[in-house]
Each structure stands twice: as structure tokens, then as C-alpha cells.
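Only one structure is covered here, and it is reproduced in the block below.
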Amino acid sequence: MNHTSIFRRALSAFAVFALVATTAACDNPVGQDDDHLEARGVVITDMAGAMIAETHGDHWDFTSGSEIHLHPGKEMEVRVYFVDPAGNRFQVGSLTGYQLVVQVANPSIVTYGGHGDHGHFEALGTGETTAVIHLWHGNHPSGHADYSSPALAIDVDGHGTH
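See below:
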């Protein structure tokens, strides 16, 4: 066997090794997505910190009733916390590369105005709608949701005031 043949075999073996290593790295769940925040839920509180609602898997639990209840022309100031897999709350207001995005299904009934990690639901008309709360990675709308809550039920009626 001459040196050229040994060199070619070594080069071929290295090329196969490099291809296998690169392919394995691409399939490895530990990679560039490691810097993504993980959330398993959402907690909504009033501005004083009293809980309004929190997610449990595929649904919301409310401290009162089965939905957020508003009256036309009124606002509800809220703080939104995400919950990590260990159960710790965190807010995205000061985190680089993340946003709190709230998508209301029917914005003619309710809108959400955000200010970082807090904001307000404003009732514009009577009816029922839902909102989905997203932990958004990147700029909205070009980024993507690392977490999306179940649909949050919101009811707006014209009876009395809170």
C-alpha cells in the first residue's frame, strides 16, 4: 500500500466522520434553541398582585367565575406572568428578544394595550370574545411564539359596574 492510498482512505474516513457528526448535531435537541425561554403557563394578576386567573394545562382557572368580566367603556389593568417548568413566575418586560403578545379574537369587543409586562383589557362593546397570550421570541409578527396560552374567555356586558 502506498502513501497516496493511505491518505485517500484516511481522508475518506474523515469525510464520513464529519458528515455523521454534522448530521447528528443537526438532530440534537440541544442546540441553538437552548436560549429560548420555556413556559408552561400564564398567571394574570391585578396591579396589586391579586390573582385573577392562571392556566392549568389546556384551560384557565379564575379566582371568580369562569371568565374575565368587563363592562363597556371600562378597563382592567393587569400584570402578565409566564410560569417556567419549575413553577417560577417571570415577566418578559426586561428580557431581550422576547415580547408579551396578546391576540384578542374580536377586537370590536375588547382590546389589549400592552406596556411590556403589564397592560389593560379595554371593553369596547358588549359580547364575548377570547384572547391568547403568547411568549413571543423575536419581533412580532416576524418572530414566533415559544408558548401560547389556551383561549382566555372574556365577557363584556352592559349591566352595572365593577
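Position in the sequence shown counted from 1, then plus 3, gives you my numbering.
Every residue gets a Cβ at the ideal spot worked out from N, C-alpha and C, and that includes glycine.
### Task
Specify whether the stretch 38-50 and the stretch 133-152 touch according to this definition: at least 3 beta carbon pairs, one from each stretch, less than 8 Å apart.
yes
### Query
Would you report the Cα separation of methionine 50 and aspartate 120, rounded to the nearest angstrom?
11 Å
#### Entry: Those runs of the beta strand (DSSP E) which lie wholly inside the stretch 44-109 and span at least 3 residues
44-48, 54-59, 62-65, 71-73, 78-86 and 101-107
### Query
Do three or more CB pairs link the stretch 97-111 to the stretch 130-142 at distances below 8 Å?
yes
### Query
Is the distance from the Cβ of isoleucine 112 to the Cβ of glycine 100 below 8 Å?
no
### Query
Distance, Cα to Cα, serine 166 vs serine 97?
Outside the shown range of the chain, which is 4 to 165, sits residue 166, and nothing can be said about it.
### Message
Tell me the residue span of the beta strand (DSSP E) that contains isoleucine 157.
### Response
155-159
### Query
DSSP on leucine 138, reduced to helix/strand/coil?
strand
### Task
Let me know the secondary structure DSSP gives threonine 132 once reduced to three states.
strand
### Message
So, at 7 Å on beta carbons, what are the nonlocal neighbours of histidine 118 in its own chain, with the 5 sequence-adjacent residues on each side left out?
### Response
none
### Task
Using only the heavy atoms of the ligand HEM, determine whether one of them is closer than 7 Å to the beta carbon of aspartate 149.
Judged by which ligands are present, the structure shown has none, so any question about the ligand HEM falls away.
### Message
Looking only at its chain, what residues have a beta carbon closer than 8 Å to the beta carbon of histidine 59, apart from the 5 residues adjacent to it on each side?
### Response
Gly44
### Query
Is threonine 66 buried or exposed, if buried means 16 or more other CB atoms sit within 10 Å of its CB?
exposed
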